Amino acid sequence: MSRPGEIDEGPEPVERTAARWFARRRSGEITEAETAQLRLWLDENPENRLAYDVVARAWARAGLMRTTPEVLQLRARHRGAFPRTRRLLASRALAASLVAGVLGVGGYAGVTAGMAQLRKLPDATYRTAIGEQRTLKLADGSQVTLNTDTVLRTRRSGDRRLLYLDRGQAFFKVAHDKAHPFVVTAAGRTVTALGTAFEVRVEQGRFQVVLAEGRVKVEAPVAAASAGAPKVQATELVAGSQLVADSDREWRVAKADIPDQTAWVTGWLSFDGEPLGAVVRELGRYSSRRIVLADPKLAGAPVSGRFKPENIDAFVRALETYNIARVVVNTPSEIRLAAPEPKNATEAMGG
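All letters in the sequence shown, in the order written, are residues 480 to 830 by the numbering used here.
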């Protein structure tokens, strides 16, 4: 871990490291190299920036104690009394003195309490309309991307970060915090993670979890557990896997194609040999403009490619280009597809 003062004494709590960096920066002695090092430390983990902000707020509340005679005298002694090497060591003592002055008798406990307060998620509801996507930065530093027609709620809790996915699809990049588990409830099931990246999707009785990074635990109550049987069904997923459950059927865990299944986060939909009927249903989530298959046999035609969900016309043009289907009706509310025209007389006769 990057540390101010270029002294490595092993890992320390993020709150203490933030306090040292803040004091070093406020001392006026920070070098360009240290400034670059501080930027890297702030960017490498949302929790680092969160801790630094808490220290800054504590300093502001204390009324800029660096201007008191005692601290000014300490800074003056720090500047003049030591050569460069010893000044780096002394800056550590200055950092501790400054932060202790800001935080008072509680010391770093004040920073820890502030961190815990900032980690708490508010009581809030977030929605997206049909065809809309939205990325949120939560109070704990986690990032959530909501897909089309999605409702997500966050709730206050003392020791957990609680979220409820009422409908739709969301991708979570979780800020690491072992003391406050990140729990998503959807379709009567819970997905618990510490620091990881995963997707949850709920629609018409179907429940799906796709795990891009880390590990998550999926749990659900067992409706009619016999005596001595577990009352909760649970399984752990590893990166690159997915869990799917339809209504009350048993869970299915399989390998997942992460780039394809999470492509929607980047604004694309990716298909690899998917039946046209399934592709049409997926595109239907993003628009009120319906795609109708006039010939039921078209539903099984395989489709591969990447498409922008908001550009339905480009999608149907691709179907025509590759002779998968042809457009017979195209209005602002509906596109109707039929089987492609036979290429020649032999094909028309079934030869």
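Just so it is clear, CB atoms sit at the ideal spot from N, CA and C, and this is done for glycine as well.
What you are looking at is a predicted structure, and each value in this text was computed from that prediction instead of being measured.
In chain order, what residues of the same chain lie with their CB nearer than 8 angstroms to the CB of residue i, ignoring the 5 residues before and after it?
| i | result |
| --- | --- |
| ARG768 | ILE791, PRO811, SER812, GLU813 and ILE814 |
| PRO700 | GLY667, LYS710, VAL711 and GLN712 |
| VAL717 | LEU690 and ARG694 |
| LEU762 | LEU748, ILE770, PHE786, PRO788, ILE791 and PHE794 |
| ALA733 | SER720, GLN721 and VAL723 |
How should residue i be labelled, buried or exposed, when 16 other C-beta atoms within 10 angstroms of its C-beta is the threshold for buried?
| i | result |
| --- | --- |
| VAL808 | exposed |
| PRO601 | exposed |
| VAL503 | The question names Val, but residue 503 is Arg in the sequence shown. Buried, because 16 or more other Cβ atoms sit within 10 Å of the Cβ of ARG503. |
| VAL771 | exposed |
| GLU820 | exposed |
| TRP879 | No answer is possible for residue 879: it lies beyond the span of the chain, which begins at 480 and ends at 830. |
| ARG685 | exposed |
| SER783 | exposed |
| ALA649 | buried |
| ALA537 | buried |
| GLN612 | buried |
| GLN721 | buried |
| THR564 | Low confidence applies to THR564: its pLDDT is 48, below 50, so where it sits in the model is not reliable enough to give any reading. |
| GLU513 | buried |
| ALA560 | Its pLDDT being 49, under 50, ALA560 is placed unreliably by the model, and the measurement read from it follows with that caveat. Its Cβ having fewer than 16 others within 10 Å, ALA560 is exposed. |
| GLU526 | buried |
| ARG505 | buried |
| ALA676 | buried |
| GLY647 | buried |
| ALA665 | buried |
Let me make sure I understand the geometry here. Which of the options has the alpha-carbon closest to that of residue i?
| i | options | result |
| --- | --- | --- |
| GLY637 | ARG805, GLU491, PHE661 and ASN524 | PHE661 |
| LEU673 | VAL689, ARG685 and VAL653 | VAL653 |
| GLY620 | PHE651, GLN687, TYR605 and TYR643 | PHE651 |
| GLY779 | ALA793, THR664, GLY752 and THR514 | GLY752 |
| TYR765 | PRO781, LYS776 and PHE786 | PHE786 |
| HIS655 | GLU523, ILE609 and VAL689 | GLU523 |
| TRP743 | ALA817, THR627 and GLN516 | THR627 |
| VAL623 | LEU519, ALA797 and LEU644 | LEU644 |
| GLU698 | THR669, GLN683 and ALA724 | THR669 |
| VAL681 | PHE750, VAL630, PHE794 and GLU715 | VAL630 |
| ILE803 | ALA497, PRO788 and ASP774 | ASP774 |
| LEU641 | ALA608, ALA603, GLU799 and GLY647 | ALA603 |
| TYR531 | GLU494, ALA515 and ARG505 | GLU494 |
| GLN516 | ARG606, GLU715, THR496 and ASP725 | THR496 |
| ARG632 | TYR605, GLU799 and ALA724 | TYR605 |
| VAL534 | PHE501, GLY507 and THR510 | PHE501 |
| ALA608 | TRP730, LEU625 and LYS616 | LEU625 |
Go through its chain and collect everything with a Cβ distance to residue i's Cβ below 7 angstroms, but skip five positions before and after it.
| i | result |
| --- | --- |
| GLU491 | none |
| LYS599 | ALA618 and ARG635 |
| TYR801 | none |
| THR741 | PHE650, GLU678, VAL689 and ALA691 |
| ALA735 | VAL689, GLY719, SER720 and GLN721 |
| LEU777 | LEU755, ALA804, LEU816 and ALA818 |
| GLY610 | THR627, TYR765, SER766 and GLU789 |
| ASP725 | GLY684 and ARG685 |
| LYS657 | LEU673 |
| ASP739 | SER749 and ASP751 |
| LYS616 | GLN622 |
Apart from the five residues just before and just after residue i, which ones in its own chain have a Cβ nearer than 6 angstroms to its Cβ?
| i | result |
| --- | --- |
| ARG528 | LEU521 |
| THR671 | PRO660, VAL662 and LYS696 |
| LEU568 | Bear in mind that the predicted position of LEU568 carries a pLDDT of just 49, short of 50, making it unreliable; the figure below should be weighed with that in mind. Answer for LEU568: no residue qualifies. |
| ASP487 | Confidence is the limiting factor: at ASP487 the pLDDT is only 42, short of 50, which leaves the residue's position unreliable, though a coordinate-based value still follows. Correct list: empty, nothing qualifies. |
| VAL758 | PHE750 and VAL782 |
| VAL723 | GLN687 and ARG731 |
| THR614 | THR624 |
| VAL798 | The question names Val, but residue 798 is Leu in the sequence shown. Answer for LEU798: ALA804, listed in chain order. |
| THR714 | VAL697 |
In the DSSP assignment, find the beta strand (DSSP E) that holds residue i and state where it starts and stops.
| i | result |
| --- | --- |
| THR714 | 711-717 |
| GLY756 | Counting along the chain, GLY756 falls outside any beta strand (DSSP E), though it belongs to the alpha helix (DSSP H) covering 755-763. |
| LEU673 | Per DSSP, LEU673 belongs to no beta strand (DSSP E) and is neither H nor E. |
| GLU813 | 813-817 |
| GLU799 | Premise fails: GLU799 lies in the alpha helix (DSSP H), 791-800, not in any beta strand (DSSP E). |
| SER688 | Looking at the sequence itself, residue 688 is Val, so the reference to Ser does not match. Note, VAL688: beta strand (DSSP E), 685-692. |
| ILE770 | 769-772 |
| PRO788 | Note, PRO788: premise wrong, no beta strand (DSSP E); not H, not E. |
| VAL807 | 805-809 |
Specify, as a first and last residue, the run of the alpha helix (DSSP H) that residue i falls within.
| i | result |
| --- | --- |
| LEU517 | 511-523 |
| VAL493 | 493-505 |
Report yes or no: is there a C-beta of chain B within less than 7 angstroms of the C-beta of residue i?
| i | result |
| --- | --- |
| PHE686 | In the displayed structure, chain B is absent; only one protein chain is listed. |
Taking only runs of the alpha helix (DSSP H) that begin and end inside the stretch 720-752, which ones reach a length of at least 4 residues, in chain order? With a minimum length of 4 residues, the continuous alpha helix (DSSP H) runs that stay inside the stretch 720-752 are 737-740.
Can you list, in chain order, the stretches of the beta strand (DSSP E) that have 3 or more residues and sit fully within the stretch 639-671? Qualifying beta strand (DSSP E) stretches, in chain order: 640-652 and 661-665.
Return the chain-ordered ranges of every alpha helix (DSSP H) run that is complete within the stretch 598-639 and spans a minimum of 4 residues. As far as the stretch 598-639 is concerned, it has no whole alpha helix (DSSP H) run of at least 4 residues.
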